[in-house]
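Contents: one structure, followed by commentary.
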Amino acid sequence: MTTTIMRTTARIVVPIVLVVAISLFLQGHNLPGGGFIGGILTVAAFTLVYVAYDLDYVEVSVLGREVDPDVGIHEHRTVTTYRQVFTFGLVLVVASGLVPLLFGEPFLAQTFTYVHLPLYGEVELASALVFDAGIYFVVVGGLLTVFSVVGNE
0 MTTTIMRTTA
10 RIVVPIVLVV
20 AISLFLQGHN
30 LPGGGFIGGI
40 LTVAAFTLVY
50 VAYDLDYVEV
60 SVLGREVDPD
70 VGIHEHRTVT
80 TYRQVFTFGL
90 VLVVASGLVP
100 LLFGEPFLAQ
110 TFTYVHLPLY
120 GEVELASALV
130 FDAGIYFVVV
140 GGLLTVFSVV
150 GNE
């Protein structure tokens with residue numbers, strides 16, 4: 000059982016960590032950051048939630064699902080979702096490398112364009128963002144699967 004201080008700290012710190020993770024993810028193709036460090040920070044935020052509460056907190060309190068106590072950790076709904084996130088990320092990484100081949104470019108070739116967003120202005124949209132998103136999902140899905148299974152032991 001964790002303390003009230005730990006739970007209160009988690010409620011304050013987790014949103015801040017997630018905002019920093021998204022910021023680092025989005026600046027990754029131009030500046031230091033990207034999918035890996037964004038994924039690591041996202042996993043750190045989820046791990047803090049698991050330490051303050053438990054694995055079933057996300058299922059029951061956040062998603063409103065019932066948890067079957069007879070189901071083992073490897074068949075747990077959250078762990079299954081983490082595996083699917085990992086697989087989706089892996090497919091995205093491979094696809095981002097193979098798509099340039101369809102256009103006669105080398106494997107993992109990247110391109111970019113500028114998009115005008117209202118109220119924000121010009122934004123560079125790079126194809127490297129797809130690769131970073133794949134890395135992000137691989138890191139988040141893989142590490143949260145490991146942490147969930149090991150943490151339940």
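The sequence shown begins at 0 in numbering that gives the first Met the number 0 and counts up one residue at a time.
Even for Gly, the Cβ is constructed at its ideal location relative to N, Cα and C.
Quick one: grab the DSSP three-state call for proline 112. It is worth fixing the name first, because residue 112 is threonine in this sequence and not proline. Strand.
Taking 8 Å as the cut-off, does the stretch 87-94 touch the stretch 127-143 (at least 3 CB pairs, one atom from each stretch)? yes
What does a CB cutoff of less than 8 Å around methionine 5 pick up in its chain, not counting 5 residues either side in sequence? Val50, Ala51.
Taking 8 Å as the cut-off, decide whether the C-beta atoms of valine 12 and leucine 47 are in contact. yes
Which residues mark the beginning and the end of the alpha helix (DSSP H) in which valine 18 is found? Taken as a continuous stretch (DSSP letters only), the alpha helix (DSSP H) holding valine 18 covers 3-25.
Closest residue to valine 18 among Leu118, Ala44, Gln109 (Cα-Cα distance): Ala44
Spatial neighbours of isoleucine 39 in its chain, beta-carbon cut-off 7 Å, leaving aside the 5 residues before and after: Val138
With DSSP run on the structure shown, which of helix, strand or coil describes glycine 33? For glycine 33, the secondary structure class from DSSP, reduced to helix, strand or coil, is coil.
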